[in-house]
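Participant: Take any residue in the sequence shown, count from 1 to its spot, add 19: that is its number in the numbering used here.
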Amino acid sequence: MSQPHHRDPRFIRWGRLVRDAANADPNTRCWRCGRRLTDHPPHKTGAAPTWHAGHTIDGQLGRPWLKVTEPPPEGPWLAAEASTCNVTAGARAGARGRGTGYSWP
Ligand SMILES: [Zn+2]
């Protein structure tokens, strides 16, 4: 993660809000894949996934989306995203450029 706005105080504050909201509700859905945290596979290391604040549009600092059980609308948001999905997206970001949207079950 080397995006310049990750040092932005708004990102730090909003990211914390999103993570707190996500952790407070067991029905939180990952904006990227629509699954609950417990439905995500563990990391390759065996570590359990955790909630991150993910960008719905790569590289754009969106506002925090705190209705964590609902998908965010179109546009840039900081939304709850499982660490496993976040890691995968970061690895793909160079090739893809931006998100392809999500499939909400
Ligand atoms: Zn996910």
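The beta carbon of each residue, even a glycine, is placed where N, CA and C say it ideally should be. What you are looking at is a predicted structure, and each value in this text was computed from that prediction instead of being measured.
Quick check: does the Cβ of Ala98 come within less than 6 Å of any heavy atom belonging to ligand 1?
Facilitator: To locate residue 98, count along the sequence shown from 1; it is residue 79. It does not: the Cβ of Ala98 is nowhere closer than 6 Å to a heavy atom of ligand 1.
Participant: Evaluate Ala67 with the Cβ neighbour count: other Cβ atoms within 10 Å of its Cβ, from every protein chain shown; 16 or more gives buried, anything less gives exposed.
Facilitator: Indexing the sequence shown from 1 puts residue 67 at position 48. Result: exposed.
Participant: May I have the straight-line CA-CA distance separating Ala40 from Pro23, to the nearest angstrom?
Facilitator: In the sequence shown, counting from the first residue as 1, residue 40 sits at position 21. In the sequence shown, counting from the first residue as 1, residue 23 sits at position 4. The alpha-carbon atoms of Ala40 and Pro23 are separated by roughly 24 Å.
Participant: Which of helix, strand or coil does DSSP assign to Asn42?
Facilitator: Here residue 42 refers to the residue found at position 23 when the sequence shown is read from its first residue. Helix, per DSSP.
Participant: Indicate, with yes or no, if ligand 1 has a heavy atom lying under 6 Å from the CB of Gly40.
Facilitator: Position 21 of the sequence shown, counted from the first residue, corresponds to residue 40. The amino acid occupying residue 40 in the given sequence is Ala; Gly does not appear at that position. Result no, Cβ not under 6 Å from ligand 1.
Participant: Would a C-beta distance cut-off of 7 Å place Val37 and Ala101 closer than the cut-off?
Facilitator: For the purposes of this step, residue 37 is taken as the residue at position 18 of the sequence shown. For the purposes of this step, residue 101 is taken as the residue at position 82 of the sequence shown. For Val37 and Ala101, no; Cβs fall outside 7 Å.
Participant: Considering only C-alpha positions, which residue in the set Gly94, Thr47 and His71 is nearest to Val106?
Facilitator: Counting from one through the sequence shown, the residue named residue 106 turns up at place 87. When each option's Cα is compared against that of Val106, the closest is His71.
Participant: Nearest-angstrom Cα distance between Thr57 and Gly73?
Facilitator: Numbered from its first residue, the sequence shown carries residue 57 at position 38. Numbered from its first residue, the sequence shown carries residue 73 at position 54. Approximately 18 Å, taken between the alpha carbons.
Participant: Just the Cα atoms here: how many angstroms apart are Pro61 and Cys104?
Facilitator: Start at 1 with the first residue of the sequence shown, and residue 61 comes out as number 42. Start at 1 with the first residue of the sequence shown, and residue 104 comes out as number 85. The alpha-carbon atoms of Pro61 and Cys104 are separated by roughly 10 Å.
Participant: Within 6 Å: the Cβ of Ala101 and any heavy atom of ligand 1?
Facilitator: In the sequence shown, counting from the first residue as 1, residue 101 sits at position 82. For ligand 1, at least one heavy atom lies less than 6 Å from the Cβ of Ala101.
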